[in-house]
Amino acid sequence: MPTLPISAPVIRILGIDPGSRFTGFGIIESDGRSARYITSGCVRVTGETWAERLGVIFNSISELVDTHQPQEMAIERVFMHRNADSALKLGQARGAAICAVITRDVPVHEYSPTQIKQSVVGKGRAAKEQVQHMVRILLKLPGNPQADAADALAVALCHGNTRSTLIQVPNMHKGRRR
Numbered sequence: 580m581p582t583l584p585i586s587a588p589v590i591r592i593l594g595i596d597p598g599s600r601f602t603g604f605g606i607i608e609s610d611g612r613s614a615r616y617i618t619s620g621c622v623r624v625t626g627e628t629w630a631e632r633l634g635v636i637f638n639s640i641s642e643l644v645d646t647h648q649p650q651e652m653a654i655e656r657v658f659m660h661r662n663a664d665s666a667l668k669l670g671q672a673r674g675a676a677i678c679a680v681i682t683r684d685v686p687v688h689e690y691s692p693t694q695i696k697q698s699v700v701g702k703g704r705a706a707k708e709q710v711q712h713m714v715r716i717l718l719k720l721p722g723n724p725q726a727d728a729a730d731a732l733a734v735a736l737c738h739g740n741t742r743s744t745l746i747q748v749p750n751m752h753k754g755r756r757r
């Protein structure tokens with residue numbers, strides 16, 4: 580008798596699209612087969628010094644975690660920009676967001692922009708508009724979310740899909756043994 584794939588438990592995932600001016604966030608609940616929208620938006624990064632701006636990211640993400648209690652976080656990996664200074668600032672913004680969840684014992688998972696787009700759109704080089712459209716469709720939203728929020732929701736959806744696959748792969752072999 581073949582065994583059915585074990586479905587993943589429903590988990591609350593915080594997706595982050597880090598940025599030095601706007602950091603997108605999106606929270607979903609996912610069982611790997613379907614996802615439910617919880618909230619999304621953007622942290623407007625303000626402050627006179629760079630350290631103050633990083634503090635805004637840290638404090639805002641900390642507040643999100645305290646309010647919505649995600650069980651895991653997914654974040655976009657840094658890719659090298661043409662401008663090294665921009666890449667360094669993006670990495671620091673990412674670090675502030677990661678520290679905000681790690682201090683609350685939330686596991687962090689990282690995905691490349693190509694992995695995220697492949698998971699959500701089906702093409703690793705999809706345009707931002709395609710990502711927004713698919714996020715709206717997959718989460719049954721009334722309209723396209725803001726670009727940074729859509730990217731963060733896409734990160735969360737990617738993690739939900741990937742997490743489900745990793746749970747089911749070990750169990751697939753069990754059904755084949757006799």
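Residue numbers (our numbering): 580 to 757. All residues carry an ideal CB built from backbone N, CA and C; glycine is no exception.
Asked: Residue of Ala675, Val714, Pro721 and Val687 minimising C-alpha distance to serine 639; Found: Ala675
Asked: Endpoints, the alpha helix (DSSP H) within which valine 657 is located; Found: Counting along the chain, valine 657 falls outside any alpha helix (DSSP H), and DSSP gives it neither H nor E.
Asked: At least three beta-carbon pairs within less than 8 Å, the stretch 687-707 to the stretch 614-627; Found: no
Asked: Same chain, Cβ closer than 7 Å to methionine 713, neighbours up to 5 away in sequence not counted; Found: Val699 and Val700
Asked: Beta-carbon spacing of proline 724, leucine 669 below 8 Å; Found: no
Asked: Secondary structure of glycine 594, DSSP reduced to three states; Found: strand
Asked: Counterpart residues of cysteine 621 in DSSP-defined beta bridges; Found: Gly603
Asked: Alpha-carbon to alpha-carbon, valine 589 and threonine 646; Found: 18 Å
Asked: Per-residue burial, asparagine 740 [other beta carbons within 10 Å of its own, 16 or more giving buried]; Found: buried
Asked: CA-to-CA distance, cysteine 678 to aspartate 664, given in whole angstroms; Found: 21 Å
Asked: Reduced DSSP category for leucine 609 - H, G, I as helix; E, B as strand; rest coil; Found: According to the sequence shown, residue 609 is serine rather than leucine. In this structure, serine 609 counts as strand in the three-state DSSP scheme.
Asked: Contacts around leucine 643, its chain only, beta-carbon distance under 7 Å, and the 5 residues preceding and following it disregarded; Found: Leu593 and Phe604
Asked: Residues of its chain near histidine 738, where Cβ-Cβ distance is below 6 Å and the 5 sequence neighbours each way are ignored; Found: Ile592, Ala653 and His688
Asked: Under 8 Å between C-beta atoms of alanine 672 and leucine 732; Found: no
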